[in-house]
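With the numbering used here, the residue at position 264 of the sequence shown is 352, and numbering never jumps. By construction, the Cβ of each residue, glycine as well, lies at the ideal position given by its N, Cα and C atoms. Every value quoted in this text rests on a predicted model; they were computed, and no experiment measured them. Report on the structure given below.
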Amino acid sequence: MIAKPKSFFSIVDNFTYYVQYANVHYGLLNALKFVCIAIIVATFLGNLFRYISQRIMESLRIHTLLNLRKAVFNNVMNLHLGYFSNERKGDIISKIASDVQVVQFSVTGTLQVVFKEPFQLIAYIVMLFLISYKLTLFSLLVIPVSAFAISRIVKSLKQQAAASQQSYGTMISYLDEALSGIKIIKAFNATSFIKQKFSEENDNYSRIGRSMAKRQQLASPTSEFLGVAMVAGIVLYGGSLIINRQSDALTPESFILYIILFSQVMRPAKALSDAFSNIHSGIAAGERVLDLIDEKPQINDLPDAVFIDTFSDCIELKNVSFAYQEKEVLKEVSLKIPKGKNIA
Numbered sequence: 089m090i091a092k093p094k095s096f097f098s099i100v101d102n103f104t105y106y107v108q109y110a111n112v113h114y115g116l117l118n119a120l121k122f123v124c125i126a127i128i129v130a131t132f133l134g135n136l137f138r139y140i141s142q143r144i145m146e147s148l149r150i151h152t153l154l155n156l157r158k159a160v161f162n163n164v165m166n167l168h169l170g171y172f173s174n175e176r177k178g179d180i181i182s183k184i185a186s187d188v189q190v191v192q193f194s195v196t197g198t199l200q201v202v203f204k205e206p207f208q209l210i211a212y213i214v215m216l217f218l219i220s221y222k223l224t225l226f227s228l229l230v231i232p233v234s235a236f237a238i239s240r241i242v243k244s245l246k247q248q249a250a251a252s253q254q255s256y257g258t259m260i261s262y263l264d265e266a267l268s269g270i271k272i273i274k275a276f277n278a279t280s281f282i283k284q285k286f287s288e289e290n291d292n293y294s295r296i297g298r299s300m301a302k303r304q305q306l307a308s309p310t311s312e313f314l315g316v317a318m319v320a321g322i323v324l325y326g327g328s329l330i331i332n333r334q335s336d337a338l339t340p341e342s343f344i345l346y347i348i349l350f351s352q353v354m355r356p357a358k359a360l361s362d363a364f365s366n367i368h369s370g371i372a373a374g375e376r377v378l379d380l381i382d383e384k385p386q387i388n389d390l391p392d393a394v395f396i397d398t399f400s401d402c403i404e405l406k407n408v409s410f411a412y413q414e415k416e417v418l419k420e421v422s423l424k425i426p427k428g429k430n431i432a
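See below:
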């Protein structure tokens, strides 16, 4: 007679019980067949749901990019002409083309991690508590140290990302100005001057990129090293409990299972660490994109403005004034242009 486990939450005892039950009632070969079928079904379902989740995230990514670019472009088209006199065209292009791309990858990547990894992490921690709450409490004491180390590494990523995107926009502006005015540049023999300006900004962009990559790449190995150090500490602490017989609940078998489960905690924890370091680039790009979306035109039609379908009589300006910032260039100018007349 096989004794049932005393607790439903005893993972090792339940696993041992069901293996022995299948062996006794169905035979060793049939039990082995059942295990093989269970492995195949579990693998199929795992890959099926992974495929579905990837399809959903890809659709979300594409729609995010579509709607964000549409909102940015539509708002740019509604802005007044004075805005384009104060902003570099290359910087605007960079926000629409590059920053929007960074935002959507950051959003979809973060959502994928947030909706997947925390649940796995919680499930593993619950199972670890069921095996040995002492070892789990000991391991949780080390987590704040790891979190502090990661936060120190990625602290300045947001500022560096903003500087990188600004530098990229400046380079696009130089490129646009050079191609648009290539005849003037050639005529005044200013090729060396333009090349130097572009080279300096390109070097600045590369320098910021190397600094960002160094910090981003340091976050993952740091979290992995701290995780391995935690495993080593748990092996030492748990082994001492077993050797000194200080824990009746922790057996050598359950301790091995505990180490296996704890090693699985490393993957979702590492994914969260990578997402935390990458999201700073998305935040910096998002602020630049939102600034462009939130920009309001300074010249708007009056609520009672009349829409004119055809030009029938003349164009008449009465007491028109205009200024660039604080510099007034037109003051109370009146002009009447009859239909069909040319006035230079």
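Taking C-alpha positions only, residue 146 is separated from residue 203 by approximately 15 Å. For residue 277, there is no enclosing alpha helix (DSSP H), as DSSP marks it with neither H nor E. About 7 Å separates the beta carbon of residue 338 from that of residue 326, a gap short enough to meet the 8 Å contact definition. For residue 118, the enclosing alpha helix (DSSP H) stretches over residues 116-166. A distance below 8 Å between beta-carbons, with the five flanking residues on each side excluded, links residue 153 to the following residues of its chain, in chain order: 188, 189, 192. For residue 405, the uninterrupted beta strand (DSSP E) segment begins and ends at 402-412. Per DSSP, residue 205 lies in no beta strand (DSSP E); the unbroken alpha helix (DSSP H) holding it starts and ends at 205-219. Listed as beta-bridge partners of residue 228 by DSSP are no residues whatsoever. Judged by DSSP in its simplified three-state form, residue 384 adopts coil rather than helix or strand.
Considering only 200, 115, 391, the residue with the shortest C-alpha distance to residue 139 is 200. Under the 10 Å beta carbon count, residue 360 is surrounded by 16 or more other beta carbons and is classified as buried.
By the neighbour-count criterion, in which a residue is buried when 16 or more other Cβ atoms sit within 10 angstroms of its Cβ, residue 356 is buried. When C-alpha distances from residue 266 are compared across 216, 178, 426, the shortest belongs to 178. Looking at the backbone, the Cα of residue 386 and that of residue 374 are separated by about 23 Å.
Here residue 343 has 326, 330 as same chain residues with Cβ atoms under 7 Å from its own Cβ, once five neighbours each way along the sequence are excluded. Under DSSP, residue 415 takes part in a beta bridge, and its partners are 412. Around the beta carbon of residue 413, fewer than 16 other beta carbons lie within 10 angstroms, which makes this residue exposed. In this structure residue 384 is exposed. Its beta-carbon is surrounded by fewer than 16 other beta-carbon atoms within 10 angstroms. A straight-line Cα-Cα distance of about 38 Å links residue 229 and residue 128. Annotation: residue 394 is outside any alpha helix (DSSP H) and is labelled neither H nor E by DSSP. Burial is judged here by how many other beta carbons sit within 10 angstroms of a residue's own beta carbon; residue 224 has at least 16 and is buried. 9 Å or more divides the Cβ of residue 422 from the Cβ of residue 416. Contact between residue 380 and residue 164 holds, with the beta-carbon distance rounding to 7 Å and staying under 8 Å. Pairing residue 393 with residue 247 gives a Cβ-Cβ distance that is not under 9 Å. In the three-state reduction of the DSSP assignment, residue 423 falls in the strand class. Straight-line spacing of the CA atoms in residue 171 and residue 180 works out to 11 Å. Counting the other CB atoms within 10 Å of its CB gives residue 114 a total below 16, which places it among the exposed residues. In the structure shown, residue 370 falls within a helical segment according to DSSP collapsed to helix, strand and coil.
DSSP, read as helix, strand or coil, puts residue 297 in helix.
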